[in-house]
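Visitor:
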Amino acid sequence: MVATDDKADEKPWHAAFPEPTITADVFPRSRALMIMSLKIGSMLIVDVRRTDYEGGAIRGSINIPAQGFYWNRGVLYELAYKSSMEWVVFTCGSSNGRGPRCAAWFLEHVRNVAGDNDMNVTVLEGGLKGWVKAGPQYTQYMDGFEKAYWEKALGEPIEDKPILNPPGSGSFALPEGSVSVDKEPETVSAQKASSSSATQEKVWSWDPSMMDSESFP
128 MVATDDKADE KPWHAAFPEP TITADVFPRS RALMIMSLKI GSMLIVDVRR TDYEGGAIRG
188 SINIPAQGFY WNRGVLYELA YKSSMEWVVF TCGSSNGRGP RCAAWFLEHV RNVAGDNDMN
248 VTVLEGGLKG WVKAGPQYTQ YMDGFEKAYW EKALGEPIED KPILNPPGSG SFALPEGSVS
308 VDKEPETVSA QKASSSSATQ EKVWSWDPSM MDSESFP
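All residue numbers for the sequence shown refer to this note's numbering, where the first residue is 128 and numbers rise by one.
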(Lines of atoms letter the chains of each structure in order from A and count residues from 1; the text may use other names and numbers.)
(Lines give C-alpha, C1' and ligand atoms only; values in the text may rest on other atoms or scores of the structure.)
Protein backbone atom coordinates (compact mmCIF):
# COMPACT_ATOMS: atom_id res chain seq x y z
CA MET A 1 0.00 0.00 0.00
CA VAL A 2 1.44 3.36 -1.05
CA ALA A 3 1.13 6.22 1.41
CA THR A 4 -0.16 9.49 0.03
CA ASP A 5 0.96 12.92 1.03
CA ASP A 6 -2.14 14.93 1.94
CA LYS A 7 -0.15 18.16 1.88
CA ALA A 8 0.65 17.64 -1.78
CA ASP A 9 -3.08 17.80 -2.54
CA GLU A 10 -3.67 20.95 -0.52
CA LYS A 11 -4.53 24.05 -2.50
CA PRO A 12 -3.05 27.44 -1.66
CA TRP A 13 -5.19 29.56 0.64
CA HIS A 14 -6.04 32.06 -2.10
CA ALA A 15 -7.48 29.35 -4.39
CA ALA A 16 -10.79 29.70 -2.54
CA PHE A 17 -11.18 33.27 -3.79
CA PRO A 18 -11.42 34.89 -7.25
CA GLU A 19 -8.19 35.85 -8.94
CA PRO A 20 -7.67 39.64 -8.99
CA THR A 21 -8.20 41.29 -12.36
CA ILE A 22 -6.17 44.43 -11.65
CA THR A 23 -2.85 45.21 -10.03
CA ALA A 24 -2.09 47.82 -7.37
CA ASP A 25 0.91 50.10 -7.80
CA VAL A 26 3.96 49.99 -5.56
CA PHE A 27 4.19 52.73 -2.93
CA PRO A 28 7.78 53.94 -2.35
CA ARG A 29 9.05 53.20 1.14
CA SER A 30 10.62 56.66 1.36
CA ARG A 31 7.28 58.34 0.66
CA ALA A 32 5.59 56.36 3.42
CA LEU A 33 8.31 57.43 5.83
CA MET A 34 7.91 61.08 4.80
CA ILE A 35 4.15 60.99 5.36
CA MET A 36 4.60 59.42 8.79
CA SER A 37 7.40 61.70 9.96
CA LEU A 38 6.01 65.00 8.64
CA LYS A 39 2.32 64.09 8.99
CA ILE A 40 1.56 65.63 5.62
CA GLY A 41 -1.11 63.19 4.48
CA SER A 42 -3.64 60.61 5.60
CA MET A 43 -2.32 57.07 5.16
CA LEU A 44 -3.55 53.71 6.45
CA ILE A 45 -1.14 50.77 6.38
CA VAL A 46 -2.77 47.33 6.27
CA ASP A 47 -0.52 44.49 7.45
CA VAL A 48 -1.84 41.16 6.13
CA ARG A 49 0.61 38.83 7.90
CA ARG A 50 -0.85 36.02 10.00
CA THR A 51 1.44 33.38 11.55
CA ASP A 52 4.46 35.57 10.87
CA TYR A 53 2.90 38.62 12.54
CA GLU A 54 5.89 38.91 14.85
CA GLY A 55 8.90 41.10 15.43
CA GLY A 56 6.90 44.32 15.50
CA ALA A 57 4.68 46.27 13.13
CA ILE A 58 4.74 49.67 11.45
CA ARG A 59 3.28 52.25 13.79
CA GLY A 60 -0.40 52.96 13.20
CA SER A 61 -0.94 49.94 10.93
CA ILE A 62 -3.83 47.52 11.33
CA ASN A 63 -3.58 43.74 11.01
CA ILE A 64 -6.06 41.88 8.78
CA PRO A 65 -4.65 38.43 7.89
CA ALA A 66 -4.69 37.72 4.16
CA GLN A 67 -6.47 34.39 4.58
CA GLY A 68 -9.71 36.13 5.57
CA PHE A 69 -9.18 39.52 3.98
CA TYR A 70 -11.47 39.00 0.96
CA TRP A 71 -14.53 38.96 3.21
CA ASN A 72 -13.45 42.13 4.99
CA ARG A 73 -12.94 44.40 1.99
CA GLY A 74 -16.20 46.27 2.54
CA VAL A 75 -15.54 46.89 6.22
CA LEU A 76 -12.05 48.18 5.48
CA TYR A 77 -13.39 50.51 2.81
CA GLU A 78 -15.96 51.99 5.19
CA LEU A 79 -13.23 52.53 7.77
CA ALA A 80 -10.88 54.18 5.28
CA TYR A 81 -13.60 56.26 3.62
CA LYS A 82 -15.09 57.61 6.84
CA SER A 83 -11.58 58.44 8.06
CA SER A 84 -10.88 60.35 4.82
CA MET A 85 -7.83 58.23 4.05
CA GLU A 86 -5.97 59.37 0.96
CA TRP A 87 -3.67 56.35 0.82
CA VAL A 88 -4.35 52.72 1.79
CA VAL A 89 -1.04 50.86 1.68
CA PHE A 90 -0.79 47.06 1.95
CA THR A 91 2.18 45.13 3.24
CA CYS A 92 3.23 41.64 4.27
CA GLY A 93 6.62 40.07 4.92
CA SER A 94 8.16 41.11 1.61
CA SER A 95 5.19 42.47 -0.41
CA ASN A 96 5.63 39.74 -3.01
CA GLY A 97 2.51 37.62 -2.46
CA ARG A 98 -0.14 38.31 0.14
CA GLY A 99 0.24 42.09 0.16
CA PRO A 100 -0.16 42.62 -3.61
CA ARG A 101 -3.02 40.11 -3.80
CA CYS A 102 -5.01 41.74 -0.99
CA ALA A 103 -4.28 45.19 -2.39
CA ALA A 104 -5.66 44.09 -5.77
CA TRP A 105 -8.82 42.69 -4.18
CA PHE A 106 -9.33 45.89 -2.25
CA LEU A 107 -8.68 48.06 -5.31
CA GLU A 108 -11.33 46.09 -7.21
CA HIS A 109 -13.81 46.74 -4.42
CA VAL A 110 -12.95 50.44 -4.22
CA ARG A 111 -13.28 51.03 -7.97
CA ASN A 112 -15.95 48.53 -9.05
CA VAL A 113 -18.19 48.14 -6.01
CA ALA A 114 -17.87 51.42 -4.13
CA GLY A 115 -17.37 53.44 -7.32
CA ASP A 116 -14.60 55.41 -5.64
CA ASN A 117 -12.00 56.73 -8.09
CA ASP A 118 -10.17 58.94 -5.60
CA MET A 119 -8.84 56.57 -2.94
CA ASN A 120 -5.28 55.40 -3.67
CA VAL A 121 -4.63 51.69 -3.05
CA THR A 122 -1.00 50.58 -3.20
CA VAL A 123 1.57 48.04 -2.00
CA LEU A 124 4.46 49.02 0.27
CA GLU A 125 7.82 48.67 -1.44
CA GLY A 126 9.79 45.76 0.02
CA GLY A 127 7.27 44.93 2.73
CA LEU A 128 8.27 44.66 6.38
CA LYS A 129 11.62 43.09 5.52
CA GLY A 130 12.51 46.00 3.26
CA TRP A 131 11.37 48.45 5.93
CA VAL A 132 13.63 46.88 8.54
CA LYS A 133 16.62 46.55 6.21
CA ALA A 134 16.35 50.26 5.35
CA GLY A 135 17.76 51.10 8.78
CA PRO A 136 16.94 52.80 12.08
CA GLN A 137 15.33 55.81 10.44
CA TYR A 138 12.57 53.35 9.46
CA THR A 139 12.53 50.95 12.43
CA GLN A 140 12.03 53.90 14.80
CA TYR A 141 8.53 54.05 13.33
CA MET A 142 7.73 50.49 14.45
CA ASP A 143 5.95 49.32 17.59
CA GLY A 144 7.30 46.22 19.32
CA PHE A 145 10.41 46.10 17.13
CA GLU A 146 12.57 43.06 17.92
CA LYS A 147 16.03 43.27 16.43
CA ALA A 148 16.89 39.61 17.11
CA TYR A 149 13.75 38.40 15.31
CA TRP A 150 14.53 40.33 12.14
CA GLU A 151 18.20 39.40 12.11
CA LYS A 152 17.12 35.75 12.15
CA ALA A 153 14.43 36.32 9.51
CA LEU A 154 16.78 38.24 7.22
CA GLY A 155 19.85 36.15 7.94
CA GLU A 156 22.02 39.22 8.39
CA PRO A 157 22.86 41.80 11.06
CA ILE A 158 20.70 44.91 11.29
CA GLU A 159 22.09 48.40 11.70
CA ASP A 160 21.14 49.66 15.12
CA LYS A 161 22.39 53.22 15.47
CA PRO A 162 20.65 55.39 18.09
CA ILE A 163 18.29 58.09 16.86
CA LEU A 164 19.19 61.48 18.35
CA ASN A 165 15.66 62.83 18.18
CA PRO A 166 13.14 59.97 18.10
CA PRO A 167 9.55 60.61 16.95
CA GLY A 168 7.48 62.28 19.61
CA SER A 169 10.47 63.54 21.59
CA GLY A 170 9.48 67.12 20.84
CA SER A 171 13.09 68.24 20.76
CA PHE A 172 15.68 69.14 18.18
CA ALA A 173 19.36 69.15 19.10
CA LEU A 174 21.60 71.83 17.64
CA PRO A 175 25.33 71.17 17.32
CA GLU A 176 27.34 72.82 20.07
CA GLY A 177 28.62 76.22 19.03
CA SER A 178 26.21 76.58 16.12
CA VAL A 179 24.34 79.40 17.87
CA SER A 180 25.98 82.28 19.68
CA VAL A 181 24.18 84.15 22.42
CA ASP A 182 25.31 87.60 23.52
CA LYS A 183 24.95 88.48 27.16
CA GLU A 184 22.39 91.13 27.90
CA PRO A 185 23.30 94.29 29.79
CA GLU A 186 22.64 94.05 33.51
CA THR A 187 20.07 96.83 33.31
CA VAL A 188 18.01 94.95 30.74
CA SER A 189 18.20 91.74 32.79
CA ALA A 190 17.07 93.61 35.89
CA GLN A 191 14.13 95.10 34.01
CA LYS A 192 13.09 91.63 32.76
CA ALA A 193 13.36 90.17 36.24
CA SER A 194 11.23 93.00 37.64
CA SER A 195 8.64 92.55 34.89
CA SER A 196 8.54 88.79 35.47
CA SER A 197 8.06 89.28 39.21
CA ALA A 198 5.23 91.74 38.66
CA THR A 199 3.52 89.39 36.24
CA GLN A 200 3.88 86.53 38.68
CA GLU A 201 2.26 88.57 41.46
CA LYS A 202 -0.58 89.48 39.12
CA VAL A 203 -1.19 85.85 38.22
CA TRP A 204 -1.23 84.65 41.80
CA SER A 205 -3.61 87.44 42.83
CA TRP A 206 -6.06 86.53 40.05
CA ASP A 207 -9.46 85.27 41.23
CA PRO A 208 -10.05 81.69 39.90
CA SER A 209 -13.83 82.15 40.23
CA MET A 210 -13.66 84.42 37.18
CA MET A 211 -12.72 81.47 34.96
CA ASP A 212 -15.38 80.15 32.58
CA SER A 213 -14.91 76.39 32.94
CA GLU A 214 -16.92 75.63 29.79
CA SER A 215 -14.29 77.35 27.65
CA PHE A 216 -11.70 74.71 28.56
CA PRO A 217 -11.63 71.08 27.44
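Beta carbons are placed, not taken as given, at the ideal position from N, Cα and C, and that holds for glycine. These figures come from a predicted structure and were not determined experimentally.
Tell me the DSSP secondary structure of I189 in three-state form.
Guide: By one-based count along the sequence shown, residue 189 stands at place 62. Note: I189 maps to strand in three-state DSSP.
Visitor: Pairs of beta-carbons, one from the stretch 182-195 and one from the stretch 235-247, closer than 8 Å: are there three or more?
Guide: no
Visitor: Pull up the distance between the alpha-carbon of L203 and that of A280, whole angstroms please.
Guide: Reading the sequence shown from its first residue, position 76 is the one you call residue 203. Reading the sequence shown from its first residue, position 153 is the one you call residue 280. The alpha-carbon atoms of L203 and A280 are separated by roughly 29 Å.
Visitor: Helix, strand or coil for A143, going by three-state DSSP, please let me know.
Guide: Within the sequence shown, residue 143 is the residue found at index 16, counting from 1. It is helical.
Visitor: So, are the CB atoms of F272 and G168 less than 8 Å apart?
Guide: Working through the sequence shown from its first residue, we reach residue 272 at position 145. Working through the sequence shown from its first residue, we reach residue 168 at position 41. No, Cβ-Cβ distance for F272 and G168 is not below 8 Å.
Visitor: Of the residues Y208, R228, F217, G201, which one's Cα is nearest the Cα of W258?
Guide: Working through the sequence shown from its first residue, we reach residue 258 at position 131. Closest by alpha carbon: F217.
Visitor: Within the same chain, show all residues whose beta-carbon is closer than 7 Å to that of G187, passing over the 5 residues directly before and after it, in chain order.
Guide: In the sequence shown, counting from the first residue as 1, residue 187 sits at position 60. Around G187: I172.
Visitor: Taking a contact to mean a Cβ-Cβ separation below 8 Å, would you say P147 touches E235 in this structure?
Guide: On the sequence shown, residue 147 is found 20 positions in, with the first residue counted as 1. On the sequence shown, residue 235 is found 108 positions in, with the first residue counted as 1. Yes, these two residues count as a Cβ contact at 8 Å.
Visitor: Hey, how far is the Cα of L206 from the Cα of R156?
Guide: Counting from one through the sequence shown, the residue named residue 206 turns up at place 79. Counting from one through the sequence shown, the residue named residue 156 turns up at place 29. Roughly 23 Å separates the two Cα atoms.
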